[in-house]
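Visitor: In the numbering used here, the protein residues as written are 7 to 523. In this text, a Cβ means the ideal position worked out from N, Cα and C, and glycines have one as well. Bear in mind the structure is a predicted one, so any value in this text is a computation, not a measurement.
1. Quick one, which of 183, 20, 454, 213 has its alpha-carbon nearest residue 174's?
2. In angstroms, rounded to a whole number, what distance separates the CA positions of residue 460 and residue 272?
3. Going by Cα to Cα distance, which pick from 508, 466, 343 is closest to residue 109?
4. On the DSSP bridge list, what partners appear for residue 283?
5. Between which residues of its own chain and residue 9 is the CB-CB distance below 8 Å, once the five residues before and five after are set aside?
6. From residue 439 to residue 456, what distance separates their C-alpha atoms?
7. DSSP puts residue 485 in a beta bridge; with which residues?
8. Look at the alpha carbon of residue 511 and the alpha carbon of residue 298, and state the distance between them as a whole number of angstroms.
9. Rounded to the nearest angstrom, what separates residue 525 and residue 407 at their Cα positions?
10. How long is the line joining the alpha carbons of residue 45 and residue 210, rounded to whole angstroms?
11. Could you tell me whether the region 260–267 touches the region 440–455, using the rule of 3 or more Cβ pairs below 8 Å?
12. Pick from 385, 430, 387: whose alpha carbon is nearest that of residue 395?
13. According to DSSP, is residue 354 helix, strand or coil?
14. Which residues bound the alpha helix (DSSP H) around residue 229?
15. Since residue 389 sits in a beta bridge, which residues does DSSP pair it with?
16. Cα separation between residue 290 and residue 343?
17. What residue range does the alpha helix (DSSP H) around residue 184 cover?
18. Would you grab the beta carbon distance between residue 437 and residue 464 for me? Rounded to a whole angstrom, and I think it's under 8 Å.
19. Determine, using beta carbons only, whether residue 124 and residue 143 come nearer to each other than 8 Å.
20. Considering only the alpha carbon of each residue, which of 462, 427, 443 lies closest to residue 434?
21. Considering residue 249, what are the terminal residues of the alpha helix (DSSP H) in which it resides?
22. Quick one: Cα of residue 131 to Cα of residue 162, how far?
23. Measure the CB-CB distance between residue 25 and residue 504 and report whether it falls below 8 Å.
24. Compare the Cα-Cα distances from residue 42 to each of 87, 136, 97, 183 and report the closest residue.
25. Count the C-beta pairs between the region 304–316 and the region 279–288 that are closer than 8 Å, then say yes if the count reaches three, no if not.
26. Suppose the cutoff is 7 Å on Cβ atoms and the five residues either side in sequence are ignored; what does the same chain contact list for residue 246 look like?
27. Given a cut-off of 8 Å on the beta-carbon distance, is the pair residue 536 and residue 386 in contact?
28. Could you tell me if residue 426 is buried or exposed, where buried requires 16 or more neighbouring beta carbons within 10 angstroms of its beta carbon?
29. Once DSSP output is grouped into helix, strand and coil, what is the label at residue 118?
30. Assuming residue 269 contacts residue 324 under a Cβ cut-off of 8 Å, what Cβ separation, rounded to an integer in Å, is found between them?
31. Does the contact criterion of 3 or more C-beta pairs under 8 Å hold for the region 354–368 versus the region 396–406?
32. Looking at the secondary structure, which residues open and close the beta strand (DSSP E) in which residue 173 lies?
33. Would residue 443 be called buried (16 or more neighbouring beta carbons within 10 Å of its own) or exposed?
34. Select from 416, 89, 236 the residue whose C-alpha is nearest the C-alpha of residue 215.
35. Output yes or no for whether 8 Å exceeds the beta carbon distance between residue 276 and residue 204.
36. By Cβ distance below 7 Å, which residues in the same chain neighbour residue 193 in space, the five residues on each side in sequence not counted?
This is the structure in structure tokens:
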């Protein structure tokens with residue numbers, strides 16, 4: 007993993023390959039950002055003068071590499087061979103209300119710029135990030151962005167270009183206790199994000215429910231986490247009809263796995279549920295061929311909650327976290343679930359299966375029903391649940407539904423973490439879409455596409471009782487099929503992980519007696 011170092015000054019003897027700076031796009035001109043930048047021993051005047059003549063615009067995610075000689079007479083003070091300038095678009099001032107609510111505030115822009123620079127510097131040994139970092143929020147953004155952006159899927163053959171080896175962040179806060187905490191958080195977040203991305207990028211022939219379970223066990227053992235594994239026999243015995251039904255069409259049996267971080271005297275107990283469909287063919291309600299290749303990513307929710315509980319343990323957060331991985335493969339083979347089958351869920355609810363491609367809500371509902379038996383203070387589920395999420399919000403914005411105070415808290419934590427979540431309603435009039443004369447519920451209304459993301463949320467709501475609950479639909483943002491941007495690579499993204507970690511950190515600071523918002 008990329009090494010992170012903090013330094014209090016840009017010492018001319020600093021031994022790095024590249025210096026990273028940022029520029030805004032203002033009045034069609036790139037303007038170098040120097041406020042809050044540690045630059046002792048360096049004069050950026052020559053660079054600021056030369057930058058507009060290079061064709062570099064400073065627009066968001068634009069980058070340019072220039073030789074260090076552009077610093078003019080000051081070049082003798084620099085060991086780095088080159089400079090990388092990354093664009094921030096309009097700059098660091100807060101944008102419109104929507105942009106800020108979607109994580110594009112000052113810290114979000116810095117996080118994106120640092121991530122973009124780190125991603126562009128793949129293959130380099132080291133870089134010093136001379137970005138605004140004299141404020142604690144800015145420092146957190148730069149360190150997290152740089153480490154999360156420095157990623158490559160190690161499972162690729164032939165091997166990928168290695169990520170940036172060492173990130174040095176220059177900040178006046180380097181020797182403070184707060185900076186040490188920010189450094190630890192950035193490392194934990196980057197480790198967890200890399201884990202989630204690695205799992206999502208793994209091909210489905212190498213990541214079955216069983217191998218995912220084995221990976222979870224190895225991670226739990228290494229980190230000192232508790233683990234409970236329910237195999238297919240136990241799932242049948244204990245009434246998990248949703249998970250068993252989805253998995254019955256595959257030669258790879260389903261599992262339900264709980265991985266737990268249990269600190270002393272936890273402030274709260276929080277359950278995280280992750281959808282873990284290691285490959286989704288749609289079952290007998292078969293998907294079109296063009297939709298299938300990225301269906302290896304249908305386990306992104308499970309990968310995310312596994313990363314979140316690992317990060318909670320690494321940071322020793324003061325909240326108990328139970329991460330439930332609902333693992334199955336949805337295939338159309340001999341004993342596959344049929345449209346019109348009726349299954350009995352963990353809590354006794356009967357469900358008519360009208361669409362076998364609406365399988366995620368079945369495995370999630372079983373896991374939710376089990377999780378609330380432990381009486382957590384709140385429960386959050388995260389899933390690549392519906393194509394309707396992409397239609398409604400696009401590829402980069404996730405939807406969050408649920409108990410309004412917790413739903414809004416998730417959206418706030420997401421904005422603080424630089425992620426884009428938008429609060430969505432659960433209209434009561436759509437509840438009738440789940441009614442059927444043959445069972446307690448049906449899993450989908452195949453006669454209408456109206457409000458598909460919301461109907462799926464309403465289905466899950468049936469299984470949480472009175473426990474405060476939030477449902478995070480990350481169907482689009484979990485997997486990037488297009489060009490990389492910011493700290494986001496092609497492939498698995500780790501979407502939602504920073505949001506969950508922000509919420510867990512916040513809840514872990516509350517005394518046990520403090521009521522939930």
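Guide: So, to answer that:
1. 20
2. 33 Å
3. 508
4. 334
5. 171, 172, 173
6. 10 Å
7. 498
8. 36 Å
9. Any question about residue 525 goes unanswered here, given that the chain covers just 7 to 523.
10. 48 Å
11. no
12. 430
13. coil
14. 215–229
15. 479
16. 7 Å
17. 183–207
18. 5 Å
19. no
20. 462
21. 247–253
22. 20 Å
23. no
24. 136
25. yes
26. 262, 352, 372
27. The requested residue 536 is not part of the displayed model; the chain covers only 7 to 523.
28. buried
29. helix
30. 6 Å
31. no
32. 172–176
33. exposed
34. 236
35. no
36. 10, 153
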